[in-house]
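Numbering (full-length UniProt numbering), first residue to last: 1 to 344. All residues carry an ideal CB built from backbone N, CA and C; glycine is no exception.
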Amino acid sequence: MNTLSPFQHQVSLKTSNSFGIDAVADQFFRLESPQQLAELQQSLKLLPEAIPRLFLGGGSNLILSDRLAALVIQVALTGKQILEQGEETTIVSGAAGENWHEFVQWTLAQGLGGLENLSLIPGTVGASPIQNIGAYGRELKDFFHQLTAFDFELGEFRTFTKAECQFAYRDSIFKREFKDRFLITEVQFALPRLWKPELSYGDVAQQLQQRGIHKPKPQDVSDVICAIRQSKLPDPAIIGNAGSFFKNPVVSPALREQILRSHPNCVSYPLDDGNFKLAAGWLIEQCGWKGKRLERVGVYEKQALVLVNLGGATGKDVRALAAQIQADVAENFSVNLEVEPVFV
Numbered sequence: 001m002n003t004l005s006p007f008q009h010q011v012s013l014k015t016s017n018s019f020g021i022d023a024v025a026d027q028f029f030r031l032e033s034p035q036q037l038a039e040l041q042q043s044l045k046l047l048p049e050a051i052p053r054l055f056l057g058g059g060s061n062l063i064l065s066d067r068l069a070a071l072v073i074q075v076a077l078t079g080k081q082i083l084e085q086g087e088e089t090t091i092v093s094g095a096a097g098e099n100w101h102e103f104v105q106w107t108l109a110q111g112l113g114g115l116e117n118l119s120l121i122p123g124t125v126g127a128s129p130i131q132n133i134g135a136y137g138r139e140l141k142d143f144f145h146q147l148t149a150f151d152f153e154l155g156e157f158r159t160f161t162k163a164e165c166q167f168a169y170r171d172s173i174f175k176r177e178f179k180d181r182f183l184i185t186e187v188q189f190a191l192p193r194l195w196k197p198e199l200s201y202g203d204v205a206q207q208l209q210q211r212g213i214h215k216p217k218p219q220d221v222s223d224v225i226c227a228i229r230q231s232k233l234p235d236p237a238i239i240g241n242a243g244s245f246f247k248n249p250v251v252s253p254a255l256r257e258q259i260l261r262s263h264p265n266c267v268s269y270p271l272d273d274g275n276f277k278l279a280a281g282w283l284i285e286q287c288g289w290k291g292k293r294l295e296r297v298g299v300y301e302k303q304a305l306v307l308v309n310l311g312g313a314t315g316k317d318v319r320a321l322a323a324q325i326q327a328d329v330a331e332n333f334s335v336n337l338e339v340e341p342v343f344v
């Protein structure tokens with residue numbers, strides 16, 4: 001290896017992934033400035049041609065293998081600003097390495113509503129469009145304006161519009177065709193000047209009512225959602241986890257009716273296309289997995305949708321537990337659960 005190589009070797013990623021898996025990266029690079037990308041692309045010639053790339057943000061949506069025979073590029077770009085104030089929206093931007101929740105709180109501190117329902121979601125600004133993160137009736141795409149990404153194939157920056165990102169439920173083009181090709185450096189959001197709260201989830205409206213808040217402001221909604229999430233989800237700093245581990249499955253009206261006949265209390269939500277979204281956590285709990293342990297991994301005792309690291313868990317341990325849960329749900333409900341985090 002060339003002694004001028006900018007890469008670190010055999011770097012532990014234990015503190016760089018929220019599940020706390022003690023993975024080791026063969027090659028590692030910390031990206032702190034967009035200007036480093038041109039240099040980085042040239043330096044890639046120092047590595048074996050076939051070595052894969054892995055872009056790492058907060059590591060909250062990844063389940064890592066014990067050893068990564070890859071170049072891990074940790075995105076540590078920082079900065080946030082108001083770009084434009086129009087009649088209907090205010091355009092704000094966040095660098096890809098900014099902590100997502102801190103960015104949301106910054107927008108609220110500027111008097112800008114819109115992202116409050118996405119409070120306390122772990123991860124970074126740059127990772128948020130990849131997953132099209134969502135919670136409590138909102139998705140990132142609802143307020144997305146555009147993003148900038150570096151193309152490692154062409155060696156240049158490119159701007160992506162909302163349509164070009166091909167957003168879907170917990171999905172985007174960056175999880176598919178453009179995975180590991182484009183590194184997102186900045187994301188812009190269009191936040192409404194005329195704000196309306198999204199309170200369709202009963203827990204949120206109930207909590208506001210209990211607090212005596214009848215005309216909530218964006219910060220009020222954020223505070224309530226933070227309280228709800230903290231009551232249900234473990235803090236990764238205390239117990240390793242990747243948040244919600246399975247997507248809420250979408251089923252046909254016929255399958256929903258079939259499930260309701262044997263489980264009248266099945267939790268479901270109607271969709272615009274006539275299908276229904278089921279609560280994955282409810283399905284898992286009905287199969288007896290809530291609070292269950294499987295050696296070094298388990299299902300969180302307060303929320304069946306969350307898998308946790310009980311100490312020394314490996315990626316193989318997590319995959320095995322997820323597979324058993326998927327098999328049980330399929331057998332009992334004829335529903336296939338899809339994993340949210342990416343196994344690497």
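Cutoff 8 Å; reference residue i; Cβ partners in own chain excluding five residues on either side
i, result
"E164", "I173"
"L294", "D317, A320, L321, Q324"
"K292", "G298, V299"
Enclosing alpha helix (DSSP H) for residue i [first to last residue]
i, result
"K316", "315-333"
"V224", "218-232"
"K162", "162-165"
"I284", "280-286"
"V204", "202-210"
"T107", "100-109"
Alpha carbon of residue i to alpha carbon of residue j, nearest angstrom
i, j, result
"K247", "E340", "6 Å"
"R261", "V267", "13 Å"
"K162", "A168", "11 Å"
"V24", "V308", "20 Å"
"A320", "G212", "46 Å"
"G113", "L194", "9 Å"
"S5", "Q286", "53 Å"
"V342", "N17", "12 Å"
"E88", "P192", "6 Å"
Near the ligand FMN: residue i beta-carbon under 8 Å from a heavy atom
i, result
"F29", "Here there are no bound small molecules, and the ligand FMN is not part of this structure."
Boundaries of the beta strand (DSSP E) in which residue i is found, first to last residue
i, result
"P249", "Counting along the chain, P249 falls outside any beta strand (DSSP E), and DSSP gives it neither H nor E."
"G298", "297-299"
"E186", "182-192"
"P129", "Careful: P129 lies outside any beta strand (DSSP E), inside the alpha helix (DSSP H) at 128-131."
"Q81", "80-85"
Selection from the options that minimises the alpha carbon distance to residue i
i, options, result
"D151", "R181, R67, S222, G298", "R181"
"Q27", "N17, P48, Q42", "P48"
"T148", "Q188, A135, F178, L118", "Q188"
"A76", "Q85, T314, G97, I82", "G97"
"S334", "F276, V251, E301, G311", "V251"
"G126", "F343, V204, I21, Q74", "Q74"
"P253", "F276, G79, F245", "F276"
"R296", "E153, Q105, G312", "G312"
"F29", "I21, G20, L44", "L44"
Chain-order list of residues whose beta-carbon lies under 7 Å from that of residue i (same chain, five-residue window excluded)
i, result
"G281", "Q303, A304, L305"
"L233", "G243, Q303, V306"
"I239", "V308, N309"
"K141", "N132, K162, F167"
"H145", "I91, Q188, F189, A190"
Close-in-space but distant-in-sequence residues of the same chain around residue i (CB under 6 Å, 5 per side omitted)
i, result
"T3", "Because the pLDDT of T3 is 45, which lies under 50, any placement of that residue in the model is unreliable, and the question is left without a value."
(Q) Closer than 8 Å is the cut-off here; do at least three beta carbon pairs connect the stretch 122-136 with the stretch 44-62? (A) These segments touch.
Q.
Whether or not the stretch 211-220 and the stretch 26-37 are in contact is what I'm after, with contact meaning three or more pairs of Cβ atoms, one per stretch, closer than 8 Å; do they touch?
A. Contact fails: fewer than three Cβ-Cβ distances are below 8 Å.
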